[in-house]
């Protein structure tokens, strides 16, 4: 009985100790969770299956979209250009879901995120932006009729600049009140493909997009493909886009099909392919850039000279005379012999590293000056071709070569007549052989297919189109093969 009573007293003591210690532990844990379980304090792990529901829960979202993950290696819908995804999205319009494509099914390797046919509210955009900024493998984003707004585009553009792997953004069916689509091409963007189909972009939006392509001081050097089809861009908007192509040398594919472009806008686009006549404002800007370049180069030379002077005065020994040098050499030899003789067994002392610390500092100064030179050169080189290329003087004008980087221009389904077609002919004839436009689409415009200018354009583009050349080479190879086979059969007979 005494043993049972002792064990009972011990159990009561242990339970009371646990109860006294429990409030302290729970208080600590609640303080830790309150500090970490906030949306801004949440650190994304990169695992989309855990980050997405956790972030949605921290924002107290009433309805959380379903997360549907698919493997990129086994998914056929993504391989077929998204057509099956479009059909499936049309059936699941009333079912909000975030479609995520994973590389080999790994939740830490998100490759694509898609929002199809459901209105994305501001909280879900905050969640996606926080996830995007922390992802290291995300390659493309797709928003189809997602009800995006201008503030949402600002949030997405900020997040896309932080994602170093993001290259493709597609926004279809997302008209914006202030037409802020150009923010996706802000300075620092690494996008290579931007699809803005069917967003009701007007001339004002085209003006902003043209300025994002290039100005007299800045040029985008990453974008390769821009799709602006099925919008409301007219002649003024086409002129703005043409202005953006003046100093842009990265864009290869441009689609302006199914817009409202007439002859004046088409003429502006055609002229930029031939030659660029600098305006008064561009000439003034060119002079400013040249002055900045000269100032930066002279400043860099001054820095290098001052660093060399410091090295010569502080770090290098002064040369008094040849005799003093010889005397110093003789003294150093005698001292070295004495040190060797004083060493036991005639062993020489190990050579010490006699590097001068100030010399290392001088090397750092030179390296810094080189870095500063590169930093000063970058804005000039990224500005435009006003400085990198020397213009030709002709009849009092300064003329630069036109845009020969654009390889494909789609103007099908507009309001172009045969009046602007000769300008395309003259501009394309000015381009060097092997450079310039390779494909020009002008179908479904307001001119007959039999008109002379259009027939000449088709003949010219047929010679330039690499696909046509490949088909001709294959036909020639087949013809040569059949000729050889016929000769062999005749020889056998």
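Numbering (my numbering), first residue to last: 38 to 530.
Glycine residues also receive a C-beta, built at the ideal position from the N, C-alpha and C atoms.
Report the residue from 218, 149, 180 whose alpha carbon sits nearest the alpha carbon of residue 188. 218
Which of helix, strand or coil DSSP assigns to residue 226: coil
DSSP state of residue 434 mapped onto helix, strand, coil: strand
Can you tell me whether residue 262 is helix, strand or coil according to DSSP? strand
Taking only the alpha-carbon atoms, compute the straight-line gap between residue 182 and residue 430 and give it to the nearest angstrom. 50 angstroms
Using only the alpha-carbon positions, how far apart do residue 142 and residue 245 sit? As the crow flies, the alpha-carbon of residue 142 is around 39 angstroms from that of residue 245.
Span of the alpha helix (DSSP H) holding residue 460? Start and end: 458-467.
Looking only at its own chain, which residues have a Cβ that is under 6 angstroms from the Cβ of residue 205, when we skip the five neighbours before and after it? 177, 230
Per DSSP, residue 150 forms a beta bridge with which residues? 137, 178
Identify which residue in 166, 90, 95, 175 has its Cα closest to the Cα of residue 203. Answer by Cα proximity: 175.
Take residue 478 as the anchor and find which of 447, 459, 461, 454 has the nearest alpha-carbon. 447
For residue 486, count neighbouring C-beta atoms within 10 Å of its own C-beta (all shown protein chains included) and say buried if the count is 16 or more, exposed if not. exposed
First and last residue of the alpha helix (DSSP H) that includes residue 244? Segment 240-250, the alpha helix (DSSP H) holding residue 244.
Closer than 8 angstroms, CB to CB, is residue 240 near chain B or not? Going by chain labels, chain B is absent from the structure shown, which holds only one protein chain.
Have a look at 201, 90, 211 and flag the residue whose alpha-carbon is nearest the alpha-carbon of residue 163. 90
Taking all protein chains shown into account, decide if residue 192 is buried (16 or more other Cβ within 10 angstroms of its Cβ) or exposed. buried
Quick check on residue 433: buried or exposed, where buried means 16 or more other Cβ atoms within 10 Å of its Cβ? exposed
Decide if residue 224 is buried, meaning its Cβ has at least 16 other Cβ atoms within 10 Å, or exposed. exposed
Selection from 495, 268, 75 that minimises the alpha carbon distance to residue 211: 268
Between the CA atoms of residue 134 and residue 435 - distance to the nearest angstrom: 56 angstroms
Simplified DSSP state of residue 536, which is helix, strand or coil: Only positions 38 to 530 of the chain appear in the structure, and residue 536 is not among them; the question remains open.
Three Cβ pairs or more, each shorter than 8 angstroms: is that satisfied between the stretch 270-283 and the stretch 461-471? no
DSSP has residue 256 in a bridge; who is on the other side? 251
Report yes if the C-beta distance between residue 286 and residue 442 is below 8 angstroms; otherwise report no. yes
Taking the CB atoms as reference points, tell me whether residue 148 and residue 140 lie closer together than 8 angstroms. yes
I believe residue 289 touches residue 261 by the beta-carbon criterion, under 8 angstroms. Please report the beta-carbon distance rounded to the nearest angstrom. 5 angstroms
State the start and end residues of the unbroken alpha helix (DSSP H) segment that holds residue 287. Premise fails: residue 287 is in no alpha helix (DSSP H) and is neither H nor E.
Taking the C-alpha atoms as reference points, what is the distance between residue 226 and residue 488? 43 angstroms
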